[in-house]
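Take a look at the structure below.
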Amino acid sequence: MSTISLISPAKLAPTPTKHSKQSIKTLKNQTLNAAPVQVLKHCIRTRNLELGKLVHLKLNQSGTKLDTVTLNSLISLYSKCGDWFTAKTIFESMEDEVKDLVTWSAMISCFSHNGMESQALATFVEMLKHGECPNQYCFSAAIQACCSKEYARVGGTVFGFVIKTGYFESDVCVGCALIDLFTKGFGDLESAKKVFERMPERNSVTWTLMITRYGQLGCHEDGIVLFLRMLLGGFMPDRFTLSSVVSACAELGFVSVGQQLHSWVVKMGLCLDVYVGCSLLDMYAKCDSREPMEDARKVFERMRDHNVTTWTAMITGYVQSGGLDRTAIELYCKMITQGDVLPNHFTYSSLLKVCGSLSNLEAGRQIHNHAVKSGLVSVNCVGNSLISMYARSGSMEDAQKAFEILLEKNLISYNAIVDGYVKNTSSDDAFKMFNKVEETQTGVDSFTFASLLSAAASLGAVGKGEEMHARLVKAGLDSNQRVCNSLISMYSRCGDIEAAARVFDKMKERNVISWTSIITGYAKHGLAKSALEKFDQMLKAGVKPNEVTYIAVLSACSHVGMVDEGLKHFSSMYSEHKITPKMEHYACVVDLLGRSGSLEKAVDFIESMPLKADALVWRTLLGACQVHGNTELGKLCAEMITEQDPDDPSAYILLSNLYASKGQWEKVVKIRKTMKEKNLIKEAGCSWIEAENQSHKFYVGDTFHPRVHEIYKELDQLVTDIKKLGYVPDTDFVLHELDEKEKEQYLVQHSEKIAVAFGLISTSKNKPIRVFKNLRVCGDCHTAMKYISVARGREIVVRDSNRFHHFKNGLCSCNDYW
DNA sequence: CTAGGGTTAG
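In my numbering, the protein residues as written are 6 to 823.
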């Protein structure tokens, strides 16, 4: 489809005749000397209200009684120039006998074009009462008044009326109105299509209308097919057609078709049309090119006149291109200082998005102020963007305020606030808001479920996730790609990789996110072989990997110690797919080398990096130092981390853990003191588990749970039982200076052990126990879990901050490599 | 004199 080649416009029709300056001048003189009605006609065509008013004044001054045709012309003039009040005054001043069908039609049309649908319909009824028999123009105007969702049902009645007259149904004009009634009023593309296909006579306007409506309902491909049919039918596209078709190309990413259309635009002399220009600009902005925004900028610069829309399209283009956020803001400044245009709601929406993605709260508040001053804050589109901006900048209170003051909350408003809660780890609030949405008529969509599934995933609440799964099936969204991608992540992050794989296998069309999600899932579960197999299949399926895919592939290798394989993929990243490795990728390789014990190679690798290693890379190496007990190198890593990130508590904690494991308690105490002085707080370790659709959270030695006595009784029994199987508490993992007995007692009370004990007494025996921990699982707990899986004959799944551990029959899926 | 089509956002 994207490779279609179009017939040249020259073959379709001769180039439009251009009026010379001389001929335009003569035309104008003729117009001014003509009769008043002729001048009014000219004013209506050119929407020249000034001249029209002058004629109106002259006519009134002449004192003669105006005839129906003149009065009709005046109504039409004021109506089309937006002055509905004067049009209405003239209409009301007319005696009923003077009014003819044209008068009524003009007035109905005036009301409907100026947002007064009910008045338009009342006028239509009044006309019928007067015994007038409507013609195609009246019907068309009356149907147009019904094209909004609220009046669509009335429109149906009018349609029935049209059919009864059996006569105007085939009129081009009535047909167009009906197409709008079905598409805009009912969202029913099928019926609109029927009207269109049955029309005995069509012209360029009809074709363009249908193409445009296809696009507005998201059926861009069908729009292009219709456009091709239009060309084959010999109809000449014009500026209206081209702007719609170019927009369709933008949405579909059909650059080559868009470029052909661009050359038509040039040949037809439509370059300066702001609508066409805007569509072209948007197409180049949305579609990939080697130099982002270069072609869009050229189109922009070649247009002589810029309006808010072209400026905004350009700003939006920079926002969507990613990495050009600053340019977007600069362009906004240029627009308000020299553009001679005022920003509109779309402009603010895009700018707020920039501030959100930069997490620049200050700039966000400034734009917020601009929007307040312009009086556009309460507009839905601006309000929704405000919610997202504040949520992304981590300020949920402001996001909530923006949400509450919205005059009208639509689906996007709810999605924005729900997603805000999810991203700011208040998943409970997200689900509460979801319940509120369900009470309204707003409905939910794929974005709502994507957010909620992510909430369930971060909680590890598989029960919640399954509930959402059931609901989205009910909503008919179970084959939606975005939703399926979220389901894959949810199931895998909740520990059920098999369920994730089932969703993946059932998908009809998979994109790079679908593949990356399942590969990440296998990687986190330590199933490197499956991960790499999927990666292989992905390449064979012709799907291009992205940066995130490579993070998944490299970490899959790293989790199982496949050093050579990992390095191979790292080098193919650029050589085969032209993806430049980022810091995260380098960190993966450092992890790959470091964890396998090649600490020196890891250091060499860091030194050979084209980027200066950041705190993440050094933290990774420090982690490896801890695994391999290398305090010297660990100390160096910690220094490197604190040099770049002096307030990062993780460096201090990792280092203190390293010293503690070596029994160097003076050093531990010293680090603790520094941390206290700097007021650095470490994240408290905690574990949680889902039971009966509720999350139960435990800290070290936690005694707040209502079933605390049962839990500790089970825990004591458990320790006794696994000791019989050979478990020896490894008190090296107690990072405090205590005596052996105390250390052992302390180990027993680690949060992950408490959570497992609770799981054993509260969940059904045939299901695995799924525990989640915010930090990495402790070494002694890891050993204990293996014994517990034997002692209780249960599979235990632990998700820690890094990966999954599946304990079964005394073994762990990580093969103790972690 | 009465009819019909377009651009940008979350």
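Backbone N, C-alpha and C fix where the C-beta goes; we use that ideal spot for every residue, glycine too. All values derive from a computational prediction rather than experimental measurement.
- Three or more Cβ pairs closer than 8 Å define a contact, and the stretch 255 to 274 meets that threshold against the stretch 225 to 245.
- Scanning the stretch 87 to 151 from its first residue to its last, the whole alpha helix (DSSP H) runs of 4-plus residues come out as 89 to 98, 106 to 118, 122 to 134 and 141 to 149.
- Nearest to residue 758 by C-alpha distance, out of 731, 703 and 796, is 703.
- Around the beta-carbon of residue 141, 16 or more other beta-carbon atoms lie within 10 Å, marking it buried.
- In the structure shown, the three-state DSSP call for residue 156 is coil.
- Shown here, residue 269 sits in a helix according to DSSP, grouped into three states.
- When the alpha-carbon of residue 328 is set against those of 363, 646, 619 and 439, the nearest one is in 363.
- From the listed residues 627, 77 and 167, the smallest Cα separation to residue 95 is found for 77.
- Scanning its chain for C-beta atoms nearer than 6 Å, with the 5 sequence neighbours on each side dropped, one finds around residue 257 the residues 225, in chain order.
- The Cβ neighbour count for residue 93, taken over all protein chains shown within 10 Å, is at least 16; the residue is labelled buried.
- Counting C-beta atoms within 10 angstroms of its own C-beta, residue 122 has 16 or more neighbours from the protein chains shown and is therefore classed as buried.
- Looking at 816, 808, 127 and 650, the one whose alpha-carbon comes closest to that of residue 798 is 816.
- Here residue 277 is exposed: its Cβ has fewer than 16 other Cβ atoms, across all protein chains shown, within 10 Å.
- The continuous alpha helix (DSSP H) containing residue 655 extends over residues 654 to 666.
- For the pair of segments examined, the stretch 517 to 529 was found not to touch the stretch 773 to 789: the number of CB pairs separated by less than 8 Å stays below three.
- Pairing residue 197 with residue 188 gives a Cβ-Cβ distance under 7 Å.
- In this structure residue 48 is not in contact with residue 89, their Cβ atoms being roughly 17 Å apart against a cut-off of 8 Å.
- DSSP, reduced to helix, strand and coil, places residue 280 within a helical segment of the structure shown.
- Annotated three-state conformation of residue 781 is coil, per DSSP.
- Around residue 354, the same chain offers 386, 387, 389 and 390 as residues with beta carbons nearer than 8 Å, after the five sequence neighbours per side are excluded.
- If you check the CB distance, residue 220 and residue 253 come in under 7 Å.
- Just measuring C-alpha positions, the residue of 406, 359 and 442 sitting nearest residue 423 is 442.
- For the 7 Å CB-CB criterion, residue 639 and residue 780 do not form a contact.
- At a Cβ-Cβ threshold of 7 Å, residue 719 and residue 762 count as neighbours.
- Membership of residue 696 in the beta strand (DSSP E) is indicated by the continuous run 691 to 696.
- DSSP lists 696 as the beta-bridge partner residues of residue 699.
- The beta carbons of residue 727 and residue 822 sit no closer together than 7 Å.
- In this structure, residue 695 places its C-beta atom within 7 Å of the C-beta atom of residue 468.
- By alpha-carbon distance to residue 303, the top candidate from 117, 474, 634 and 285 is 285.
- The DSSP-derived three-state label of residue 776 is strand.
- No Cβ-Cβ contact shorter than 7 Å links residue 517 with residue 492.
- If you compare the alpha carbons of 126, 646, 325 and 174 with that of residue 160, the shortest gap goes to 126.
- Of the candidates 606, 399, 609 and 554, the residue whose Cα lies closest to the Cα of residue 582 is 554.
- Residue 746: member of the alpha helix (DSSP H) spanning 745 to 753, first to last residue.
- At a cut-off of 4 residues, the continuous stretches assigned as alpha helix (DSSP H) that sit fully inside the stretch 153 to 223 are 157 to 170, 177 to 185, 194 to 203 and 209 to 221.
- With respect to the C-alpha of residue 785, the residue from 747, 796, 157 and 734 having the closest C-alpha is 734.
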